[in-house]
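In my numbering, the protein residues as written are 386 to 596.
Using N, Cα and C, we set each Cβ at its ideal position, and we do this for glycine too.
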């Protein structure tokens, strides 16, 4: 399996496309520019079989319905953010000047616990990593040795906690107990910015020093 990072939407949120040898794809956090994403998928002859959301903030969900309408694939989201997709006051799109209100249809499958999520030939370990938002999750692809951390952990930074349901101490606990326990060579595919590794963040992330 391979994966590709494509920044999309008003905040250039990193969408990730994971593919297999059958030209099937899992899409993580399609944040916007649905036409651009669909054009890219078609140019690579890929068929999405699932959309995984690390959380339901507007900049991670903007192209969900366009992709779902085009391919008929299920959308996966943690149950704690069940009502956020259709509510701009919760997903944040109603809070920022210059951002149009974003509403998305309900998810098809709700994550209720930490588990192994299997979709066709794809498999991810699901870690509950709240703090940035109540239902934030990270998806660990053991085959590729990469964790898709959403907005929990970034290169030399962590997610903001001043939005609805955010909690700084909870986020630090999530990172420490769920992400930093992964092998140091694990790639961290962040929701924004460049990729990093668990080892790099353990050594140099100023927000994690002394925790």
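Residue j beta carbon less than 8 angstroms from that of residue i
| i | j | result |
| --- | --- | --- |
| residue 396 | residue 414 | no |
| residue 426 | residue 393 | no |
| residue 436 | residue 412 | yes |
| residue 408 | residue 428 | no |
| residue 403 | residue 526 | yes |
| residue 456 | residue 432 | yes |
| residue 495 | residue 467 | yes |
| residue 398 | residue 576 | yes |
| residue 512 | residue 499 | yes |
| residue 507 | residue 406 | no |
| residue 523 | residue 563 | yes |
| residue 485 | residue 478 | yes |
| residue 581 | residue 570 | no |
| residue 560 | residue 530 | no |
| residue 441 | residue 462 | yes |
| residue 567 | residue 532 | yes |
| residue 505 | residue 434 | yes |
| residue 444 | residue 490 | no |
Residue i classed as buried or exposed, judged by whether at least 16 other C-beta atoms fall within 10 angstroms
| i | result |
| --- | --- |
| residue 417 | buried |
| residue 387 | exposed |
| residue 492 | buried |
| residue 420 | exposed |
| residue 481 | exposed |
| residue 586 | buried |
| residue 453 | buried |
| residue 547 | exposed |
| residue 594 | exposed |
| residue 544 | buried |
| residue 465 | buried |
| residue 578 | exposed |
| residue 535 | buried |
In DSSP terms, what residue i is bridged to
| i | result |
| --- | --- |
| residue 424 | BP columns for residue 424 are empty, so no partner. |
| residue 533 | 524, 574 |
| residue 542 | 539 |
| residue 512 | 523 |
| residue 347 | Any question about residue 347 goes unanswered here, given that the chain covers just 386 to 596. |
| residue 392 | 399 |
| residue 503 | 508 |
| residue 387 | 404 |
| residue 494 | 461 |
| residue 411 | 403, 435 |
**Message:** So, does the region 587 to 594 touch the region 535 to 544, judging by three or more C-beta pairs under 8 angstroms?
**Reply:** These segments touch.
**Prompt:** Three or more C-beta pairs closer than 8 angstroms, one from the region 508 to 519 and one from the region 550 to 565: is that the case here?
**Reply:** yes
**Prompt:** Can you give, in chain order, each stretch of the alpha helix (DSSP H) that sits fully within the region 441 to 470 and has at least 4 residues?
**Reply:** 449 to 456
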